[in-house]
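Protein chains in written order, with our numbering: chain A, 1 to 108; chain B, 109 to 341.
The structure appears below as C-alpha cells.
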Amino acid sequence: MSTYIMTTILLCGLVTWLSRVLPFAVIKNMTLPAWLIKFLSFVPIAIMTAIFVESLLTYHAGHWPGFDFANIAASIPAIVAGILTKSLLAVVITGVVAMALLRLTGFA
Amino acid sequence: MDANLSFRSGLKDVLPTVFGYIGVGLALGIVANTSHLSVVAILLMSLIVYAGSAQFIIVSMLLTGSPISAIVLSTFLINSRMILMSLTIARYFKQDSFLQNIGLGSLLTDETFALSMNKLNLTHHRLRPTWLHAANIVAYLVWAAATVVGCLLGNLIQDPNQFGLDFAVVGMFIGLLYLQLITDRSKPFTTQLLVIGFVAVAMYVLMRFFPGNIALLLATLLGCGFGMVVSPK
Chain A
1 MSTYIMTTIL LCGLVTWLSR VLPFAVIKNM TLPAWLIKFL SFVPIAIMTA
51 IFVESLLTYH AGHWPGFDFA NIAASIPAIV AGILTKSLLA VVITGVVAMA
101 LLRLTGFA
Chain B
109 MDANLSFRSG LKDVLPTVFG YIGVGLALGI VANTSHLSVV AILLMSLIVY
159 AGSAQFIIVS MLLTGSPISA IVLSTFLINS RMILMSLTIA RYFKQDSFLQ
209 NIGLGSLLTD ETFALSMNKL NLTHHRLRPT WLHAANIVAY LVWAAATVVG
259 CLLGNLIQDP NQFGLDFAVV GMFIGLLYLQ LITDRSKPFT TQLLVIGFVA
309 VAMYVLMRFF PGNIALLLAT LLGCGFGMVV SPK
C-alpha cells in the first residue's frame, strides 16, 4: 500500500474521529443552554427524514434533483410493513424483498 | 425493542441494522476491488475511517489521484453531521466516565444513533454505555467484515444490488423514522409531522444547489430551527 493511500486513510480517520468524539468531550464538562437542548431535540427526526429523502432523490449538478423511482416504489411496501408490524426487522426485510422483486421483474 | 439496556439487549436491538451494513459494505468492497485497492487497504479504511458514504468518496478520489487535502476536506464535510448526532446523544452519558464517552463516540454511526433515539422512547429517556457499546461493536465488526468480503469476492458477485440489499439501509431509516414518529411522546405528533414535511421539501430545494450529503446537513439544521419555531411554547 502506498504512503499516499495510508496517509489519506489516517487523516480521514482523524477528522472523522474528532467529529464523533469532540462533542462528547465538550458536553461532558458543560451544561447546555435550554435553547440548544430544544434545538438538538429535533435532530433525530430531522436527520432521519433527511437521510430517507436523500435516498429518494438523485443529484444532478446545476439542475433540480431527479427521483429514484426504484427506491420510491420499494419504500411503499416498507412503510406499510412498518405501520402493520411496528417491527424494524420486518420493514427492512419487506423493503429488500420488494427491491429484489422490482429488479427481477425488470421494473428497476 | 424493549426497555432493557443490557449488553445482550444491545446485541439484539442492532440486528435489523446488520442487513444494511452487509449490503452497503459488500458494495463498497466491490467498488474498492474494481478500483484496485488492496484488501488490507479497505480493511484499514473501514477500521480507521469507519464511515459508509465517506468511504465511497475516498475510494473514488483515490482512484483519480486527488490531493490528500481535498479528500480529507470532503470526508470532513460528509461526516460533519456526526457532530450534530454526537452533541445530541452525548448528554445521556454525562454521568459516565470520560473514557466511556470517548469509546461510545468513537464508534457512533447514523444507524446506532437513530437506534438510540428510538430506544430512549422506551426507557424513560435513559441510555447505558453497555447497551450502546454492544450495538456499536456489532456494527463496527460487521461493517469491516462486509467490506473485506466484498473486496475478496469482487470478481465473483458483479452486482450485489440484484438481491435488493442496497435497499436495506433505506428500509432501516424508514423503520427508524416511523418508530420515532409514533413513540416519541416528548413532542406533539403534528409538530413532528411538520418537521418531517419541512425537511423533505428543504432536501429537494437544497439538492438543486448542493450534493446530497451537504444538503442533508443543511436540511437537518434548518429542520431543527423550524421545529423550535413551530413547537408549542
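Just so it is clear, CB atoms sit at the ideal spot from N, CA and C, and this is done for glycine as well.
| Query | Result |
| --- | --- |
| Length-filtered (4 minimum) alpha helix (DSSP H) runs lying within the stretch 109-134 of chain B | 115-121 |
| Within 8 angstroms, strictly: CB atoms of B/Leu-223 and B/Ile-197 | no |
| C-beta atoms of B/Gly-320 and A/Tyr-59 nearer than 8 angstroms | yes |
| A/Leu-57 - partner residues in DSSP beta bridges | A/Phe-67 |
| Residues, ordered as in the chain, of the stretch 82-107 of chain A that lie near chain B by beta-carbon distance below 9 angstroms | Gly-82, Ile-83, Lys-86, Ser-87, Leu-88, Leu-89, Ala-90, Val-91, Val-92, Ile-93, Thr-94, Gly-95, Val-96, Val-97, Ala-98, Met-99, Ala-100, Leu-101, Leu-102, Arg-103 and Leu-104 |
| Where B/Tyr-158 falls: helix, strand or coil (DSSP) | coil |
| Cutoff 8 angstroms: B/Gly-320 Cβ touching any chain A Cβ | yes |
| Beta carbon proximity, A/Thr-49 to chain B, threshold 8 angstroms | yes |
| Under the three-state DSSP convention, the category B/Pro-340 falls into | coil |
| Buried or exposed by the 16-neighbour rule on C-beta atoms within 10 Å, applied to B/Asn-269 | buried |
| Exposure label - B/Gln-288; buried when at least 16 CB within 10 Å | buried |
| Chain-order list of residues whose beta-carbon lies under 6 angstroms from that of B/Leu-171 (same chain, five-residue window excluded) | Ser-143 |
| Span of the alpha helix (DSSP H), counted from its first residue to its last, around B/Gly-283 | 275-291 |
| 7 angstroms Cβ cut-off: residues of chain A touching B/Leu-235 | Correct list: empty, because the minimum Cβ distance to chain A is about 13 angstroms. |
| B/Gln-208: first and last residue of the uninterrupted alpha helix (DSSP H) it sits in | 206-214 |
| Cβ-based burial, B/Thr-298 [other Cβ within 10 Å; buried from 16] | exposed |
| Cβ of A/Phe-69 within 8 angstroms of any chain B Cβ | no |
| Closer than 8 angstroms to chain A by CB, B/Arg-116 | no |
| Residues within the stretch 280-291 of chain B neighbouring chain C, beta-carbon criterion of under 8 angstroms | In the displayed structure, chain C is absent; the protein chains listed are A and B. |
| Contact belief for B/Leu-228 with A/Val-43 at Cβ below 8 angstroms, rounded distance in angstroms | In fact, because the Cβ distance is near 12 angstroms, the residues do not count as touching under 8 angstroms. |
| Length of the line joining the Cα atoms of B/Leu-123 and A/Leu-89 | 8 angstroms |
| Residue interval of the alpha helix (DSSP H) (run including B/Tyr-312) | 297-314 |
| Three CB pairs or more closer than 8 angstroms across the stretch 70-89 of chain A and the stretch 307-327 of chain B | no |
| Contact under 8 angstroms by Cβ, B/Ala-178 with B/Met-169 | yes |
| Given B/Val-167 as reference, the closest of B/Ile-150, B/Tyr-158 and B/Ile-156 once Cα atoms are compared | B/Ile-150 |
| Length of the line joining the Cα atoms of B/Ser-188 and B/Thr-328 | 12 angstroms |
| Under 8 angstroms between C-beta atoms of B/Ile-156 and A/Leu-18 | no |
| Residue-level contact to chain B via CB, A/Thr-3, 8 angstroms cutoff | no |
| Closest by C-alpha distance to A/His-63, when choosing among B/Phe-334, B/Ala-253 and B/Met-315 | B/Met-315 |
| Under 7 angstroms from the C-beta of B/Phe-164: neighbouring residues of chain A | What B/Phe-164 touches in chain A: nothing, since even the nearest Cβ is about 12 angstroms away. |
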